[in-house]
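Undergrad: Read in order, the letters of the sequence shown are residues 1 to 561 in full-length UniProt numbering.
Backbone N, C-alpha and C fix where the C-beta goes; we use that ideal spot for every residue, glycine too.
Small disclaimer: the values here were computed from a predicted structure and weren't measured.
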Amino acid sequence: MENNNPDHKIIRAEQGTLRPTMDNTSNDPMRIFDNEKVEAYDQTDLSFESIPAENFEQTTTSSQPHRGLNARHIQMISLGGCIGTGLFLNSGQNISEAGPAGALIAYCVIGLMVYCLMTCLGEMATYMPVSGSFNHYATRFVDPAFGFALGWNYWLSAVTIAAEISAAATIINWWKPVMPDPAWSTIFIFLILFVNLVGVRLYGELEYWFALLKILIVLVFIIIGLCVTTGGLGDGVIGFKYWKDPGAFAGGGLGTLNVLLSAGFSFMGTEIVGITAAEAKNPTKTVPRAIKNTFWRIIFFYIVTIFLLGMCLPYDNPNLANADGDPGTASFTLVFELAYIQVGAHIINAVILISVLSAANSSLYTCSRTLLGLSKDGNAPRWMGKLNRWGAPYLAVICSSVIGFACVFASIYSASVAFVWFLSITAVSGFISWWGIAVVHIRFRRAFKAQGRSLDDLPYKAFAYPYSAIVAIILTTFVILGQGYTAFYPQWDGVKFVTNYIGLVPVFVWYVGYKLIRKSKVVPLMEVDFETGRVTHLDIEKDKEEDEVLPWYRKALAWVV
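In structure tokens form, the structure reads like this:
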């Protein structure tokens, strides 16, 4: 039989049958698990290669990242990976700008949007856990130009590394300025670079403990906040006193709108669950569990925290705005002081330092994996996809870290000012990525239905489709376009206009440029590839069997943690 596909392989197993592989993006044969030896037959040169079964895994996955993330890594990363400066440093400023009720509404809106997005991404990531995540899905399900623009837009969020490290330089010098900001920034960059170069296992382990520490400090704050507002600690019952005087809202509806963008930054990084699916050991089990718990985690760690901050502190507190990012006047520290915990500032400063370094570490991880996915799709140089012996895309890591060096020069000017600019750029970029996830998911479902596939084949189904995706699209569009109204009202401000909308320019240029140069077209629904990289029923059944044999207390612990 003639075969015109140079990458088409046939696997011949001893005492087995011939099975064609459908993956046209890889030269690696599929694995036959129930034979001691397999023969890989390449139809282009009629050559055979015998491969011992014990070496087959290493041979066939040399071009793929190692699946080194356990269930506990995924769970903690999904929960604590996105807890950082957005919550610890910016929450007080949000209350100062919108009031306790306005800030609470903004966080609820963003929380709803994030949950809808994560269920959409979770459905695709569990069905097809591949490198590149949603930008790869955009290429496959929508249009290569859309995937190109979405992927490079997400990589642009690598400036988050600069934002977090600039903040870290300010934070560590709060104790004692022993070195200038550029020196600290350089040290932090190389530490994070090292972690990401030695493989995903070290990254997962560090993020597990960092996330656990951040979760613990939020839990401690919630307990102390409840005690302060109910009169158990401090100078008496506070209750809703500050909701009446000075009031529940500051700046009316416009104040709430202003906070939406900053609140969105607090949730940035939640989509990392979909990206880690490509390196998770059991994505059909761990990813859905992480997504399902996202709702309760958003409620508990974000909504409850903002609610308690608004109860304990009036929005006209002069220290609440914390314009210079001083941990000594951070909202968490102010609540600790109300409880007469004098070391609160030092505790919060240490936790914030760990948080921003953790966030920078995660940013480098996600950006390097995005470059890896782009290279596999032909949207970035192929050498970006090269892996070292630990399975890390080392060239993609190095290229992504280069943008972090911008923070060294930025911190020479002013670390706090640089953080504000980086915040604006990355927040808009993140909202664009979220918008893209919802659009891709609608296309995913439409193609799935058009090809007559059953929803029972999906290991995890998105919440309330199509309404979840539609709600996410509407909210992200509203925030992207509406958050820059201050550039027009009450009077024109060119600096604000550039700051608020600069993130839209690269996406437009990338999309239009790709369409003009590559002449790409929207992928027809009937031609969407649902086979390459998908999980099988055997994978799903294997994960179910592993869950069934667990004792009841392990199942309960897995659900909680």
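(1) Determine whether the beta carbon atoms of Val259 and Gly482 lie at a separation below 8 Å.
(2) Less than 8 Å between the beta carbons of Ala350 and Leu117, yes or no?
(3) Using CA atoms only, rank isn't needed, just tell me which of Lys515, Ala330, Thr230 is closest to Thr85.
(4) Under a three-way DSSP split, which group does Ala280 fall into?
(5) My output table needs one value for Leu69: the three-state DSSP class, helix, strand or coil.
(6) For Lys214, count neighbouring Cβ atoms within 10 angstroms of its own Cβ and tell me buried if that reaches 16, exposed if not.
(7) Are Asp316 and Pro393 touching if we call contact CB-CB under 8 Å?
(8) Pairs of beta-carbons, one from the segment 129 to 140 and one from the segment 366 to 380, closer than 8 Å: are there three or more?
(9) Going by alpha carbons, who is nearest to Leu261 out of Ile432, His441, Gln491?
(10) Does DSSP put Leu320 in a helix, in a strand, or in coil?
(11) Grab the span of the alpha helix (DSSP H) containing Gly344 for me, first residue to last.
(12) Are the beta-carbon atoms of Ala472 and Trp510 separated by less than 8 Å?
(13) Leaving out the 5 sequence neighbours to the left and right, which residues in its chain are closer than 8 Å to Leu455 when beta-carbon positions are compared?
(14) How long is the line joining the alpha carbons of Ile171 and Phe88, rounded to whole angstroms?
(15) Once DSSP output is grouped into helix, strand and coil, what is the label at Glu164?
(16) Check Ala396 in the structure and name its three-state DSSP category.
(17) If you draw a straight line from the alpha carbon of Leu334 to that of Leu112, how long is it in whole angstroms?
(18) Any chance you could list the alpha helix (DSSP H) runs of at least 4 consecutive residues sitting entirely within the segment 425 to 495, in chain order?
(19) I'd like to check one pair, Ile77 with Ile272: are the Cβ atoms closer than 8 Å?
(20) I believe Val200 touches Leu69 by the beta-carbon criterion, under 8 Å. Please report the beta-carbon distance rounded to the nearest angstrom.
(21) When you compare the CB positions of Ile192 and Leu364, do they come within less than 8 Å of one another, or not?
(22) For Ile291, which three-state DSSP category applies?
(23) Within the same chain, show all residues whose beta-carbon is closer than 7 Å to that of Asn337, passing over the 5 residues directly before and after it, in chain order.
(24) The alpha helix (DSSP H) that contains Thr186, what's its start and end?
(25) Which residue wins for smallest C-alpha separation from Tyr115, given the options Asn94, Leu79, Val130?
(26) Kindly indicate which residue of Pro314, Glu123, Thr294 has the alpha-carbon position closest to the one of Thr229.
(27) Around the C-beta of Phe33, are 16 or more other C-beta atoms found within 10 angstroms, so that it is buried, or is it exposed?
(28) So Met124 and Phe444 are supposed to be a Cβ contact under 8 Å. How far apart are they, rounded?
(29) Where does Leu233 sit, in a helix, a strand or coil, going by DSSP?
(30) Within the continuous alpha helix (DSSP H) that includes Phe336, where are the two ends?
(31) Tell me whether Ile341 sits in a helix, a strand or coil according to DSSP, three-state version.
(32) Quick one, which of Lys515, Leu525, Tyr154, Leu206 has its alpha-carbon nearest Gln358's?
(33) Can you tell me which of the three DSSP states residue 563 falls into?
(34) Please report the distance separating the alpha-carbon of Tyr485 from that of Asn153.
(35) Less than 8 Å between the CB atoms is what I'm expecting for Asn196 and Val397, so what's the real figure, rounded?
TA: Checking against the coordinates, here is how it stands:
(1) no
(2) no
(3) Ranking Lys515, Ala330, Thr230 by Cα distance to Thr85 puts Ala330 first.
(4) Reduced to three states, the DSSP call for Ala280 is strand.
(5) strand
(6) By the 10 Å Cβ count, Lys214 comes out buried.
(7) no
(8) yes
(9) Ile432
(10) Coil.
(11) 344 to 376
(12) no
(13) Phe448, Lys461
(14) The straight-line gap separating the alpha-carbon atoms of Ile171 and Phe88 is approximately 12 Å.
(15) Correct three-state label for Glu164: helix.
(16) helix
(17) So the two alpha carbons sit approximately 28 Å from each other.
(18) 467 to 482
(19) Between Ile272 and Ile77, the C-beta gap is smaller than 8 Å, which places the two residues in contact.
(20) 6 Å
(21) Taking 8 Å as the cut-off, the Cβ atoms of Ile192 and Leu364 count as close.
(22) Of the three classes helix, strand and coil, the one that applies to Ile291 here is helix, per DSSP.
(23) Note on residue identity: the sequence assigns Glu, not Asn, to residue 337. Around Glu337: Gly344.
(24) 181 to 197
(25) When only C-alpha atoms are compared, the closest one is Leu79.
(26) Pro314
(27) Note on Phe33: pLDDT 33, under 50, position unreliable in the model; no value is reported.
(28) A Cβ-Cβ distance of about 6 Å is found for the pair Met124 and Phe444, placing them in contact under the 8 Å criterion.
(29) coil
(30) Segment 331 to 338, the alpha helix (DSSP H) holding Phe336.
(31) Judged by DSSP in its simplified three-state form, Ile341 adopts coil rather than helix or strand.
(32) In the sequence on display, residue 358 carries Ser and not Gln. Looking at the Cα atoms, Leu206 is the closest of the given residues.
(33) The displayed coordinates of the chain run from 1 to 561. Any statement about residue 563 would go beyond what the structure contains.
(34) 23 Å
(35) 5 Å
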